[in-house]
Amino acid sequence: MKIMEQTYEEEIQMLQEEIEMLEAEQEETLRSIFIQHGDRLQEELKSVCEERGGGGSHKRALSKLQTEVRELEKDLRRQTEINGIALNECFVKTLHKSERKLVQQLRLAGHCSVLLFQVEFAVTEIQEDDALLRRVTELNIVVDGVEFKDFSAFVSRVEDTKDLLLFFRTLRMFSERCEERRQTFQHFQDKYPDVVSLPEGCRSELMIIRSPQLPGISVIIFWKIDVSKQGVVKPTLELLLKMPDQARELDTKKVMENGSDYFQSLLRILGVEASIEALIRTMCL
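Following my numbering, the numbering of the sequence shown begins with -17 at its first residue and continues without gaps.
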């Protein structure tokens, strides 16, 4: 009899844990639906509220839901403005839930500036006395974009160390520097379309300046954005001069040889945009 009672108690405990897990999954699914379909959800609520017009309690309940949705949307917009990261998808699944331990699988997808990303990971929470221990496991990151080659070594290290906070912090800094480069390259191509070319597009690291008055002579600017394994983002600009052999022989002032050093001096004094502007005007105009 005692064995049967113990068996029943164990089954009841398992059922309670399963119910709690299902309730958690339901809450997580609703949160995911809101992130992906928040705007449409609010319109549907508004429509239903208008249809039921004077229906007292229904109207009050729907009005409360609309207020909650608006507050959630406001909070989401505020978080996006603060961290620069916009989420398009948020999936959460509870793998295990008990009194002392919670294991959840999460998938986040979104963008930071022009960089698209998807992050999949598991979070384990263990309650020990008054302390809540939380750790990230099984981290997998996908970043899409031509800039990824500058970012890939860092991403590989983050996947090994499971440092999710470092990834998002560095993603924002890296994307900001990429956007600065894109805007600068696009600006000069629009301003000097006959002089500046971007053979790999404005999101690449390469700009070519060709002089209409000096055929065969060109300046190539390499604008790299390095990311260390520790998440330090460092833009570096280098200059390469190309000229025909005949012009090289006439280069008595060693412009070809010293051009890169001159450009680095300009960068320190004027900054990036003013240095490129001065270079274009000196060479071509």
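C-beta: ideal position from N, C-alpha, C; glycine also.
Annotated three-state conformation of Asp208 is strand, per DSSP. Under the 10 Å beta carbon count, Thr152 is surrounded by 16 or more other beta carbons and is classified as buried. Under the three-state reduction of DSSP, Glu107 is assigned to strand.
DSSP, read as helix, strand or coil, puts Met265 in helix. Distance from Ile199 to Val177 at the Cβ level is roughly 12 Å; contact not present, criterion being Cβ atoms closer than 8 Å.
For the options Leu261, Gln109 and Ala135, the alpha carbon positioned closest to that of Ser80 is the one of Gln109.
Note that the C-beta distance between Glu129 and Arg82 is not below 8 Å. The beta-bridge partner set that DSSP reports for Ser200 consists of Arg192 and Lys224.
For Phe136, the number of other beta carbons within 10 angstroms of its own is at least 16, and it is reported as buried.
Val177 carries a coil assignment under DSSP once its states are collapsed to helix, strand and coil. About 6 Å separates the CB atoms of Phe133 and Val209; that is less than 8 Å, so the two are in contact. Contact between Leu84 and His93 is ruled out by a C-beta separation of about 29 Å, above the 8 Å threshold. In chain order, Val178 and Leu180 place their CB closer than 6 Å to the CB of Gln171, counting only its own chain and leaving out the 5 sequence neighbours on each side. Here Glu220 is exposed: its Cβ has fewer than 16 other Cβ atoms, across all protein chains shown, within 10 Å. As a beta-bridge residue in DSSP terms, Asp126 pairs with Leu98. Taking the Cα of Val74 as reference, the smallest distance to any Cα among Arg164, Val101, Arg154 and Thr143 is reached at Val101. Cα atoms of Ile202 and Gly183: separation of roughly 14 Å, rounded to the nearest angstrom. When the Cα atoms are used, Pro194 and Lys173 turn out to be separated by approximately 15 Å.
When the Cα atoms are used, Leu248 and Ser138 turn out to be separated by approximately 35 Å.
Contact check for Phe167 against Ile207 fails: the beta carbons are separated by 8 Å or more. Note that the C-beta distance between Leu146 and Val118 is below 8 Å. The Cβ-Cβ distance between Arg263 and Pro217 does not fall below 8 Å. The Cβ atoms of Asn122 and Glu107 do not sit closer than 8 Å to each other.
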